[in-house]
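When you line the sequence shown up against the UniProt record's numbering, it's residues 5 to 275, in that order. Glycine included, C-beta positions come from ideal geometry on N, C-alpha and C. What follows is a short report on a single structure.
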Amino acid sequence: TFDPGSYSTLKLDLDEGILTLTVDRPEALNALSQQVVSELWKAFTAIQDSCTHDAGWPVRGVIVTGGGGKAFVAGADIREMASMGPDSAAEYARSMQGVTLLIEKLPVPVIAAVDGFALGGGCELALACDFIYASEAAQFGQPEVNLGLVPGFGGSVRLPQRVGLGPARELIYTARRIDAAEALRLGLANRVLPSRDELLAAARETLQEIAGKAPAAVGLAKQSIAGATGRPTNQGLEAEAEAFREAFTTDDMREGTAAFLEKRKAAFTGK
Ligand code: CO8
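Next comes the structure, spelled out in structure tokens:
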């Protein structure tokens, strides 16, 4: 459901096909409590279910951000973790890992708009999104070793994939925080914008640009990249060929190629 009333730690705002999902626990710098994790699961499942032609593709892109002005997400909830045993900790890690997989499988693009702290689980949530835009106030880091912990929401997998092994190891072993300019240099962030307003506007503009394309094709492109990531070349190519085949089953593929040949603008229907 996109009904904002059914969430206590998230704000959902659907505006012209772009859903802004704000993690909103400013009193704990938006830390990912178990309640936040279960609400993220619920919200991303609702988005997933709506991404069909029959449902009319009401959501064509998602912006994930943090409320309160100080943080994107300052990590897993340290207060909750402090009293967990190993088994409940593993369950907690797996439930949030499940959310990150859901985001990766979503057939619409998801941009993390990072303003303020994206630490630990917050950095990992941003990494599960398709790409990251940052404000100049953004700070990234994987500070788990400061707490006697290790990354648990996918950081050991996705940070090396994004920035390469050397920089990822250095960030994780030192727990160092980096600013937006360094994140841009490392390829962790795609863009840096001067203010929060410009950050959200830039993310929206990019998602609107993508919303002008054939939605199933964008979804298949995303699926194809996810299917190739971390796999041997031959398996990645197989995932790509499968997505390519699937594109040829859509009306939008017929429309897109016909429109090109007839020198007119394509009218995509999402079918
Ligand atoms: N969890 C719970 N509460 C938090 C968290 C958090 N991650 N971060 C901040 N808060 C709370 C503070 O306790 C404080 O609460 P109160 O006002 O009640 O004391 C409030 O938010 C404001 O924080 P600060 O007063 O500390 O604000 P500062 O501006 O002084 O500092 C920092 C901001 C630097 C971001 C600081 O809050 C900080 O270091 N936070 C923790 C960052 C961190 O270490 N994150 C990583 C957590 S570990 C993790 O994410 C592992 C993921 C994998 C887990 C796998 C499953 C087990």
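Query, Result
"Inter-residue Cα distance where the pair is CYS55 and GLY240", "24 Å"
"Burial state of THR233 (16 or more Cβ within 10 Å)", "exposed"
"Candidates ALA230, ILE214 and ASP256, of which the one nearest GLY21 by Cα", "ILE214"
"Spatial neighbours of ARG162 in its chain, beta-carbon cut-off 6 Å, leaving aside the 5 residues before and after", "LEU131"
"The ligand CO8 heavy atom lying under 7 Å from the CB of THR136", "According to the sequence provided, residue 136 is Ile. The question's Thr does not apply to it. Checking the Cβ of ILE136 against the ligand CO8 gives no."
"Residues that ILE115 bridges to, as DSSP identifies them", "ILE67 and PHE135"
"Beta strand (DSSP E) segment containing ASP183, residue limits", "181–183"
"Presumed contact (8 Å Cβ cut-off) between PRO111 and GLY223, rounded CB distance", "3 Å"
"Pair within 8 Å by beta-carbon distance, GLY156 and ALA80", "yes"
"Extent of the continuous beta strand (DSSP E) to which THR56 belongs", "THR56 -> no beta strand (DSSP E), and no H or E assigned at all."
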